[in-house]
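Number of protein chains: 2
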Amino acid sequence: MLRVPSPYRPRVAAPIARVAGLDYGVLDELLGYQLRRAQVAMFLAFHAATRGEAITPPRFTALVLVGANPGIGQSTLGQVLGIARSGAMMMTDWMEERGLAERRRRPGDGRSWGVHLTARGEKLLALLKRRVAAEDRKRAAVLNSRERRELLRLLGKLAG
Amino acid sequence: MLRVPSPYRPRVAAPIARVAGLDYGVLDELLGYQLRRAQVAMFLAFHAATRGEAITPPRFTALVLVGANPGIGQSTLGQVLGIARSGAMMMTDWMEERGLAERRRRPGDGRSWGVHLTARGEKLLALLKRRVAAEDRKRAAVLNSRERRELLRLLGKLAG
DNA sequence: GCGGAATGTTATAGACCATTACAATTCCCC
DNA sequence: GGGGAATTGTAATGGTCTATAACATTCCGC
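If you read the sequences in order, they're chains A and B. Per my numbering: the first sequence = residues 439 to 598. Per my numbering: the second sequence = residues 439 to 598.
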């Protein structure tokens, strides 16, 4: 059903190792550094969960957003992904080339296109959601549910 | 004293916006997504703190590590940065080209070089440490000190 | 209607990083 | 102590992601 995706190499291949006997200096007290470390660990889990699908976190995010907001514009997509409009366009191209989404003219605004998932996109998204959510929870199993909620809350405050 | 660094554009220019009225679906419950959002926010703060110095987070990390562990090898550097050996080499080249660090032969092992900060590297590092730590605390001011400690603890658990 | 804003698009360029292959050196085990 | 395996650093190459800039089309307010 789903075509074999093009080969894909994650941008980050290795976790940020904790080397014994090394002095980390100021890094241990910097939120930015610890955030990055945790994020790389979660990214590798994500990559494991989506193995074989050539899915990156931004691509997954885009699929979820289009799925939850049919007809979303590409500018909005870019804002939520934190990338420039041109990047949002390439992302949409990527989805369209693989038959996961399509552009449809928006009635009432001749400039913009709305992005919609195809049946195939819906199917892939459902699969990915299951896998990613499962892996996310598995990786986060070192936290109990109170800690997990607390972490989400603190991250939300930080991101503003 | 310090030369004007080469122009540098951050890889991420925009925060991950929170768009009102949009359905974020499963994203709000994924640690990976919230982690990424917070990390981008902190990265932009980092970028603001190091404005004009062409410093990236990996470069800052490398400087801190070399400063705290004089004579560290490039392989170890790569491990801690989570990049391949070839990348650690380019990082060392970068520091050396700017007169921030230098390679010195290691007695007892003819294969490896130890990386050491120069006086100029020490000076820049001291400046950056002050600025980055200040910005990190400023950005994290939305958290009280208990929350900040708790966040660091939870991130540490997650990163393993 | 007209100037400015917004949307999508194309082209271009740059930064970063992995992979692969290679040379020199050291380690380890027999 | 000798030889194959592992380690360290290096060089060359390629791919992916993203920004910037410039442009055409369309919308909007006056």
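We treat Cβ as the ideally placed atom computed from N, Cα and C, and that holds for glycine.
By the 16-neighbour rule on beta-carbons within 10 angstroms, E535(A) is exposed. Counting the other CB atoms within 10 Å of its CB gives P545(A) a total below 16, which places it among the exposed residues. Each of G463(A), N507(A), R449(A), Q512(A) was checked against the Cα of E560(A), and the nearest Cα belongs to N507(A).
Rounded to whole angstroms, the separation of the alpha carbons of R489(B) and A571(B) is 14 angstroms. Judged by DSSP in its simplified three-state form, A539(A) adopts strand. Between G463(A) and V502(B), the CB-CB gap stays under 7 angstroms. The bridge partners DSSP lists for I510(B) are V553(B). Around the beta carbon of G511(B), a 10 Å sphere encloses 16 or more other beta carbons of the protein chains shown; the residue is thus reported as buried.
Sixteen is the threshold: since fewer than 16 other Cβ atoms of the shown chains lie within 10 Å of the Cβ of L565(B), the residue is exposed. Within chain B, no residue has its CB atom less than 9 angstroms from the CB of M528(A), the nearest being about 16 angstroms off. Taking 4 residues as the shortest admissible run, the segment 548 to 592 of chain B contains the following complete alpha helix (DSSP H) segments, listed from N- to C-terminal end: 557 to 577. Remark: three or more beta-carbon pairs, one from each stretch, lie closer than 8 angstroms, so the segment 465 to 473 of chain B and the segment 480 to 489 of chain A are flagged as touching. Distance from R475(A) to A479(B) at the Cβ level is roughly 16 angstroms; contact not present, criterion being Cβ atoms closer than 8 angstroms. Annotation: Cβ neighbours of P495(B) in chain A (cutoff 9 angstroms, chain order): G470, Y471, R474. DSSP places R523(B) within a helical segment (H, G or I) once states are collapsed to three. Of the residues A458(B), T499(B), P495(B), T514(B), the one whose Cα lies closest to the Cα of G459(A) is T514(B).
Here L519(B) is actually not in contact with L538(B); their C-beta atoms are around 16 angstroms apart, not less than 8 angstroms.
In the structure shown, R544(A) adopts extended strand secondary structure according to DSSP, grouped into three states. Judged by their CB atoms, E585(A) and L592(B) are nearer to each other than the 7 angstroms cut-off. Look at K561(B): its C-beta is not under 7 angstroms from any C-beta on chain A. Approximately 6 angstroms separates the beta-carbon atoms of G525(A) and G516(A); this is inside 8 angstroms, confirming the contact. For I454(B), the closest C-alpha among the options A500(A), R569(A), G505(A), R549(A) is that of A500(A). Straight-line spacing of the CA atoms in R575(B) and G594(B) works out to 18 angstroms.
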